[in-house]
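Just so we're aligned, residue 128 is where the first sequence starts under my numbering, counting upward by one.
For glycine and all other residues, C-beta sits at the position ideal for the given N, C-alpha and C.
Given the structure is predicted, the values throughout are model-derived calculations rather than measurements.
What follows is a single structure, written as structure tokens, with notes after it.
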Amino acid sequence: MKLKSQINNVIKDAFTKAGIEHEPMSVSEATKPEFGDYQFNGAMALSKKIGKNPREIAQNILDNIDLTGVLSKAEIAGPGFINLWLNPLWIGAQCQTALEDERLGISIRENPIKVVVDYSGPNMAKQMHVGHLRSTIIGDTLANLLTFLGDEVIRQNHIGDWGTQFGMLIAYLEMKDEDGSVSLKDLEQFYKDAKGEFDANADFANKAREYVVKIQSGDAHCLNLWQKFIDISLGHCEEVYEKLNVNLTRDDVRAESFYNDELPKVVEVLADKGTLQESDGAQCVFLEGDEIPVIVQKGDGGYLYATTDLAALWYRAEVLGAKRISYVVDARQAGHFKQVFRVAKEAGFVPEDVKLEHIAFGTMMDKGGKPFKTRDGGTVKLIDLLDEAVVKAKETINNKEDYTPEQVDELAKIIGIGAVKYADLAINRESNYIFNWDKMLSFEGNTSLYMQYGYARIQSIFRKYNAPIEGEIIIGDALEHRLATMLLRFEDVLSRAAVDASSNQITTYLYELVTLFMRFYEQNPILKGGIDEEVKMSRLQLANLTAKTIKQGLDILGIKVVDKL
RNA sequence: GCACUCAUAGCUCAGCUGGAUAGAGCAUCGGUUUGCGGUACCGAAGGUCUCAGGUUCGAAUCCUGAUGGGUGUACCA
């Protein structure tokens, strides 16, 4: 239900009837319940354009506003605000419609576009660490969200599988002379060992360098080893994706190496356009206003990540046909993407109408506000963090004796992983955020457990009331009215979150929804004695729609729900 | 040096295209129960939105400057 545009239409009609030629600005949610459900603030803005005083304009709009359908009441307040009340009959009916629909009344985009979401992007030389968490889950949420709204989403995992370090790694793999399944269990250690050998053993170092060249020139033996290495390393990542409940598969992988053949062409095209300049032996594009050039080819002839990114942009826009390309990458790379996007547009790798965006996010910090590290200063492996979350989640489960050990484990997984993801997604992605176990595993405040608890509580109602539900949703009091309105806002929230790629708009909404439901439920009994049958039916349906909305919202965030906690 | 970014309650954070008395949670203090899941709900207290100007009928939000923090600054990705 596109609630806001429904209300906007009513205002628009009022404008037409009132003979106001201007396009009305959009209504917004009322800041307080006393001010109604929505408010229209456009009268003040119009006052100068039309040359009348705002209250007069507001009165004119008010006189022409239709109060028989969507709205039931409208009032002028203050300098010219128009406060709007939704019609209880109408919102009741709309909730009913939503409840009967699989998609909860949320429309599928009429003009869907192809969107590439580039996220996760682990380095095959190392194990995934906490730094990959945000890219992975923010990107996954964006992809889930756009898919749900009807866009054609192409997930792209731009893994780092190319570069000088791989010569060293496969040379070391060969030296160990085994299939890799043992020594690659701990990539971090393997990398360290290889590096140790590289530094200590000149013969090995030479061989490593030799292997870099061999891979790049397509030597079968080396490529074979390299492939084996990548397969195992990617397998580690997939374990993490599985644990994280993230929808990335091998089909989504377009590695750096995938673009190898295109790299010389990128440089050629730029040279043909005349945008290329040599500087200190390197091939560069100097952008107007930027001091630092974009280097696309090194002095020794090698290519750089900007080159690969340009090739990838071309591939995504021209081959895949994307109209929106979203890079979910650490905010520190803002400068890089700004430049690469400009070059891509100016050189025509990407058509003008394609939207390129860097979905930047901040760093994960520890309690002291420092970048998140292990006690000895190393990076925290993502898999360890997730396992710890599950262990800690287990401690929060109260009546373990009600479940089998397997059920407890399953529950702990859902709760623990959900808590980590929710805590991250609930923060405005652009700011750094402080990682805090106690906070994220708390049942209080804007946490996943509060949502889970709310959801489980509703499920408990339906376990108790196991009979057919008939009748209509009747909006009887103020809390029901607010709850129903909140439920109908879901699509507006999702649309907005899709534009801004901001998951925290979804979490904020869910938190408000659950809070509102808890209040509603506190004051409006459902299954207690003395409740009128019609009212009971109505409230059961509101509860049901609330639960479905929570579930759908968390599903987009990639978080599972459980019926019992 | 230059560029980008952030600054909101003791703490952690919301605040959408500028709108009415700036909102939550934690912590503090107080209240609600013969309890449909109290891991809940209600209330109190807590703010010169870093500072100084400007634009506007109207600014936490937009612009300029200052201060303080973070990040980036050509052949790594």
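In the DSSP assignment, find the unbroken alpha helix (DSSP H) run with residue i in it and report its ends.
i	result
LYS139	130 to 145
GLU661	660 to 683
SER262	258 to 276
LEU361	347 to 371
TYR577	575 to 591
ASP551	532 to 552
VAL394	390 to 400
LYS341	329 to 343
LYS519	509 to 523
ARG182	181 to 190
GLY504	GLY504 -> no alpha helix (DSSP H), and no H or E assigned at all.
GLU473	461 to 473
ARG623	617 to 627
Taking C-beta to C-beta, are residue i and residue j nearer than 9 angstroms?
i	j	result
LEU216	ALA201	no
PHE488	ARG236	no
LYS241	GLY448	yes
LYS500	ASP511	no
THR434	VAL367	no
ALA409	GLN424	yes
LEU440	VAL477	yes
LEU130	PHE167	no
GLN254	MET128	no
GLY266	VAL339	no
TYR299	PHE275	no
LYS521	VAL535	yes
MET491	GLY258	yes
Just to confirm my understanding: we take residue i, look at its own chain, exclude 5 residues before and 5 after, and list those with CB closer than 7 angstroms. What are they?
i	result
LYS687	ASN372, ILE541 and GLY545
LEU606	ARG646, PHE647, GLN650 and ASN651
ASP140	ASP193
LEU643	ARG609, LEU610 and MET613
GLY581	VAL641, PHE644, MET645 and ILE677
ALA624	LEU272, SER630, GLN632 and ILE633
PHE208	GLN166 and ASN168
VAL396	ALA474
LEU692	GLN579, TYR580 and ALA583
Please name the residue or residues paired with residue i in a DSSP beta bridge.
i	result
GLY287	ASN250
HIS485	TYR454
ALA204	PHE208
PHE293	Beta-bridge pairing links PHE293 to no other residue.
SER155	GLN166
TYR560	MET491
LEU610	Per DSSP, none; premise fails for LEU610.
LEU198	LEU213
PRO498	MET492
ARG282	VAL244
Given that a residue counts as buried once 16 or more other Cβ atoms are within 10 Å of its Cβ, and exposed if not, what is residue i?
i	result
LEU654	exposed
GLU256	According to the sequence provided, residue 256 is His. The question's Glu does not apply to it. Its Cβ being crowded by 16 or more others within 10 Å, HIS256 is buried.
ARG502	exposed
ALA347	exposed
ARG616	buried
PHE464	buried
GLU302	The sequence shown places Met at residue 302, rather than the Glu named in the question. Looking at its Cβ environment, which holds fewer than 16 other Cβ atoms inside 10 Å, MET302 is exposed.
GLN650	exposed
SER453	buried
VAL309	exposed
PRO249	buried
ASP407	exposed
ARG459	exposed
Within a Cβ cutoff of 6 angstroms, which residues of the same chain sit near residue i, ignoring the five residues on either side of it in sequence?
i	result
LEU640	MET613
TYR560	ILE554
ASN187	ALA145
SER665	ILE600 and ILE601
VAL706	Residue 706 lies beyond the residue range present for the chain, which begins at 128 and ends at 692; the question has no answer from this structure.
PHE142	PRO151
GLN292	ALA252
First and last residue of the beta strand (DSSP E) that includes residue i?
i	result
ILE710	Because the chain is modelled from 128 through 692, residue 710 falls outside the range shown and cannot be assessed.
GLN410	409 to 412
ILE422	421 to 424
ASP245	241 to 245
LEU403	403 to 406
Skipping 5 residues on each side, what residues in its chain have a beta carbon closer than 8 angstroms to that of residue i?
i	result
ALA461	HIS485 and ALA487
LEU296	ALA252, PHE317, TYR318, ALA321 and PHE356
LYS675	LEU226 and LEU231
ARG182	ALA170, ILE203, PRO206 and GLY207
ILE184	ILE147, ALA170, LEU173, SER174, ILE177 and GLY207
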